[in-house]
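Each residue of the sequence shown is one higher than the last, beginning at 1 in full-length UniProt numbering.
Glycine included, each C-beta is placed from N, C-alpha and C at the ideal position.
Please read these numbers as outputs of a predicted model, since none were measured by experiment.
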Amino acid sequence: MESNMLIRTFSHSSILVPDNPGKTMGERLRYARCANGWSIVYLSQLSGVSATTISCLERGIHGAALSNIRRFAEVLDVSIEFLGCFENLPQKTLGQKIKKVRLLQGLQLNEFAALVGVDSKTVRSWERDDRIPSGRPSVVLNEILKALPPSPSI
1 MESNMLIRTF SHSSILVPDN PGKTMGERLR YARCANGWSI VYLSQLSGVS ATTISCLERG
61 IHGAALSNIR RFAEVLDVSI EFLGCFENLP QKTLGQKIKK VRLLQGLQLN EFAALVGVDS
121 KTVRSWERDD RIPSGRPSVV LNEILKALPP SPSI
């Protein structure tokens with residue numbers, strides 16, 4: 001048995017569970033899946049995401065769409081923040097803060113734009129720090145940004 005794994009035995013099989021959840025979305029997906037004692041195929045059935053895609057995500061071959069992260073978080077009963085590793089996103093600029101709070105809430109660009117009352121292209125330009133919010137959207141955005149956890153101290 002590998003030293004960085006724990007073994008959990010269930011009535012039907014044994015599942016290796018990593019010692020820690022990891023620092024990437026794929027590692028955390030595998031951790032949460034294994035902690036539940038689920039196979040990739042079973043997670044696929046519950047989430048509607050193909051087993052091949054889940055395997056590729058866990059191995060870091062490609063990144064997950066936010067819609068899939070939301071699906072996995074719901075099925076695995078973990079937070080979107082945990083699964084997406086969103087706590088690691090920078091929040092030095094206003095654009096970075098806007099993107100981080102949007103992702104922490106699990107919202108696509110168009111969903112966040114509707115919440116703030118602007119077009120998704122506007123949100124994208126804010127996230128890139130190309131434009132600064134003004135008017136009513138700025139007021140709404142300031143309220144939303146209050147939910148952002150403080151920056152970790154280094």
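Within the same chain, Ser151 come within 8 angstroms of Lys92 by CB-CB distance, once the 5 residues on both sides are set aside. Around the beta carbon of Val41, fewer than 16 other beta carbons lie within 10 angstroms, which makes this residue exposed. For Arg28, the uninterrupted alpha helix (DSSP H) run begins and ends at Met25 to Ala35, by DSSP. Taking C-beta separations shorter than 8 angstroms and ignoring five residues to either side along the sequence, the partners of Leu83 in its chain run Met25, Arg28, Leu29, Ala32, Ile69, Phe72, Ala73 and Leu76, following chain order.
For the UniProt domain "HTH cro/C1-type" (29-83), the full-length alpha helix (DSSP H) segments reaching 4 residues or more read 40-47, 51-58 and 66-76 along the chain. Comparing alpha carbon positions, the residue from Glu111, Lys97, Ala114 and Asp130 closest to Ala147 is Lys97. For the 7 angstroms CB-CB criterion, Leu89 and Lys100 form a contact.
A distance below 7 angstroms between beta-carbons, with the five flanking residues on each side excluded, links Gly95 to the following residues of its chain, in chain order: Trp126, Glu127, Arg128 and Asp129. By the criterion of a C-beta distance shorter than 7 angstroms, Glu58 is surrounded in its chain by Gly26, Leu29 and Arg30, once the five residues flanking it on both sides are discounted. By the Cβ neighbour-count rule, Gly135 is exposed, with fewer than 16 other Cβ atoms within 10 Å of its own.
At least 7 angstroms separates the beta-carbon of Ile54 from that of Leu46. A check of alpha carbon separations from Pro149 across Gly117, Arg102 and Ser120 identifies Arg102 as the nearest.
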